[in-house]
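Visitor: So that we are looking at the same thing, I have put the structure below in structure tokens.
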């Protein structure tokens, strides 16, 4: 996700002992850049530098309450760090060896910091689009978290949606206008260049005018301009706002009201999406000076649009057919199959369809539909596994020099764990013949998948593996090992301590309990 930095960010220069607000701002910039440099190899050290930077930005703001740059940078850095560490276990060494860090805050705390930054910038002459964009992204993070909140207030969700949708509408309209003006200016320069070359016979005049034209182009591109890729990032985030609203729906009864709520923004999104694909994609080349969106970007747009269409459905079996019959998104895109499976899971959650409710349901039709959904999810993830594995094997040919190898290993492990969870559910459905008759096969499938995930997570992530990717691999290994311990009846505290260490399994236990899939394997009997 794009996180624009302040265009007027202070120039980095070493200040031995900052005393003024500007010096603290500059020292913060120096510390932040050090944090960025260490991010790949030493996350704990990177966080220490980020913490120093945040403290310096805060000090700069304290010394000069009108210094909007300090407020902007402190808020931006909090969001940046949040997005880095949000999937890192709370008791991981990167936190425990550092002690409390002021730069690591909850999303609610970060929202408060952004509110303060907005107020200061508003009083100091205006709110930049970068600050507005980041503010919207903070609330996207908040909305994403609400899907895990059983007591979410739908009225509050609507309030947040209305506020952030106004931000995205403003940004999308302005960025679209700025992009079109930029392209028109380029076309005008090219037209003048052609006219000069045709009408001027003097070489000296030609050279002078061409030089002037080149200078004009250089001045144009040196200014801060909106590129198609910038507009794409804002558009994708705007679609995510709509997606998160549907994913936070707790029943089908409120879907019509969400449809009405999101219709204006969705219409604007679709218009701009069509504009980008038709006029600013790599397939419709404009000029070397324009950064067109790629085929990967186009697939992302198509995928999130289809996801939203699926989320508007109240019949989950219709959604199965929607994904099964889709030909718009290429079948060689692994994200298509992962997103489709996640999309179906969101609808299962919305309708309170899970192993517990199905096993307590006497309806043969409901059991059959649940079986069909699980089977389809498994086929989707099997296809994603194949595609991601192919990408991983291709990366391994680069003598472990690829920067993506570690993330592919973690992703592949996560896909296989998800398949194991599905197979286990299929093996433990009650009073449904296909499950009962194939119980042993499906149960062994689940165990074999978990062993496979564990072995893959142990693979070498390469020489350029970033620390956050290594942590993701470690987490995938923990998740697969814990599940395997339960299925193999190795669930005493002594067993778990020996196999995983107390620190690690106690962190994962609540997450595994929430799934509700391993209730029959003694997970609720484990006492801390």
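Numbering (this note's numbering), first residue to last: 872 to 1399. Here a beta-carbon is modelled for each residue, glycine too, at the ideal position from N, C-alpha and C. Remember, it's a predicted structure, so these values are computed and weren't measured experimentally.
1) Which full runs of the alpha helix (DSSP H) of 4+ residues lie inside the segment 1290-1370, going along the chain?
2) Bridge partners of residue 1152, per DSSP?
3) Go ahead and label residue 962 buried or exposed: buried means 16 or more other beta carbons lie within 10 angstroms of its beta carbon, across all protein chains shown.
4) Note down, in chain order, each residue of its chain lying with its Cβ closer than 7 Å to the Cβ of residue 1174, except the 5 sequence neighbours on either side.
5) Could you tell me whether the Cβ atoms of residue 1318 and residue 1332 are closer together than 7 Å?
6) Could you pull the start and end residues of the alpha helix (DSSP H) that residue 996 belongs to?
7) Among the residues of its own chain, which have a CB less than 7 Å from the CB of residue 1130, if the five just before and after it don't count?
8) Look at the alpha carbon of residue 966 and the alpha carbon of residue 915, and state the distance between them as a whole number of angstroms.
9) Shortest alpha-carbon distance to residue 1266 belongs to which of 948, 1124, 1276?
10) Taking C-beta to C-beta, are residue 1401 and residue 1105 nearer than 7 Å?
11) If I follow the unbroken alpha helix (DSSP H) through residue 1410, where does it start and stop?
12) For residue 1245, which of 1374, 987, 1226, 993 has the nearest alpha-carbon?
13) With a Cβ-Cβ cutoff of 7 Å, do residue 991 and residue 942 count as a contact?
14) Might you give, ordered along the chain, the residues of its own chain that have their beta carbon closer than 6 Å to the beta carbon of residue 1289, omitting 5 neighbours on each side?
15) Please name the residue in 1229, 1233, 1249 whose C-alpha comes closest to that of residue 1241.
16) Can you look up residue 1130 in the DSSP assignment and give me helix, strand or coil?
17) Give the single residue among 1133, 1163, 1118 whose Cα lies nearest to the Cα of residue 1178.
18) Over what stretch of residues does the alpha helix (DSSP H) that includes residue 1205 continue unbroken?
19) Kindly list the residues whose CB is nearer than 7 Å to the CB of residue 1018, restricted to its own chain and excluding five residues on each side of it in sequence; keep chain order.
20) Would you kindly check if the distance between the Cβ of residue 1143 and the Cβ of residue 1185 is under 7 Å?
21) What are the boundary residues of the alpha helix (DSSP H) that residue 976 is part of?
22) What first and last residue would you give for the alpha helix (DSSP H) that runs through residue 889?
23) Could you check which residue in 1323, 1326, 1358 has the C-alpha nearest to that of residue 1299?
24) Tell me whether residue 1312 is buried or exposed, calling it buried when 16 or more other Cβ atoms sit within 10 Å of its Cβ.
25) Report yes if the CB atom of residue 1103 is closer than 7 Å to the CB atom of residue 1049, and no otherwise.
26) Smallest Cα separation from residue 1032: which of 1041, 1043, 1014?
27) With C-beta atoms as the reference, is residue 1053 less than 7 Å away from residue 1113?
Guide: For this structure:
1) Counting only runs of 4 or more, we get 1304-1308, 1310-1328, 1338-1358.
2) As a beta-bridge residue in DSSP terms, residue 1152 pairs with 1164.
3) With fewer than 16 Cβ atoms within 10 Å of its Cβ, residue 962 is classed as exposed.
4) Around residue 1174: 1200, 1206, 1207, 1210.
5) Here residue 1318 is not near residue 1332, since their CB atoms are 7 Å or more apart.
6) That residue, residue 996, is in no alpha helix (DSSP H); it is neither H nor E in DSSP.
7) Only 1183 meet the Cβ criterion.
8) A straight-line Cα-Cα distance of about 7 Å links residue 966 and residue 915.
9) Of the residues 948, 1124, 1276, the one whose Cα lies closest to the Cα of residue 1266 is 1276.
10) This structure cannot settle anything about residue 1401, because the visible part of the chain is limited to 872 through 1399.
11) Past the edges of the chain, shown from 872 to 1399, lies residue 1410, and the structure says nothing about it.
12) Proximity to residue 1245 across 1374, 987, 1226, 993 peaks at 1226, based on C-alpha coordinates.
13) It is a contact, given that the beta carbons lie within the stated cut-off.
14) Taken in chain order, the residues that qualify are 1252.
15) When only C-alpha atoms are compared, the closest one is 1229.
16) Residue 1130: helix per DSSP, three-state reduction.
17) Comparing Cα-Cα distances from residue 1178 to each of 1133, 1163, 1118, the minimum goes to 1118.
18) From DSSP, the alpha helix (DSSP H) with residue 1205 extends over 1205-1221.
19) If we look at residue 1018 and ignore the five residues flanking it on each side, its Cβ neighbours are 1118, 1119.
20) Result no, Cβ atoms of residue 1185 and residue 1143 do not sit closer than 7 Å.
21) For residue 976, no alpha helix (DSSP H) run applies, since DSSP gives it neither H nor E.
22) Run containing residue 889: none; DSSP gives neither H nor E here.
23) Of the candidates 1323, 1326, 1358, the one whose C-alpha sits nearest the C-alpha of residue 1299 is 1358.
24) Classification of residue 1312: exposed, given that the 10 Å Cβ count is below 16.
25) No, these two residues do not count as a Cβ contact at 7 Å.
26) Of the candidates 1041, 1043, 1014, the one whose C-alpha sits nearest the C-alpha of residue 1032 is 1014.
27) Between residue 1053 and residue 1113, the C-beta gap is not smaller than 7 Å, which leaves the two residues out of contact.
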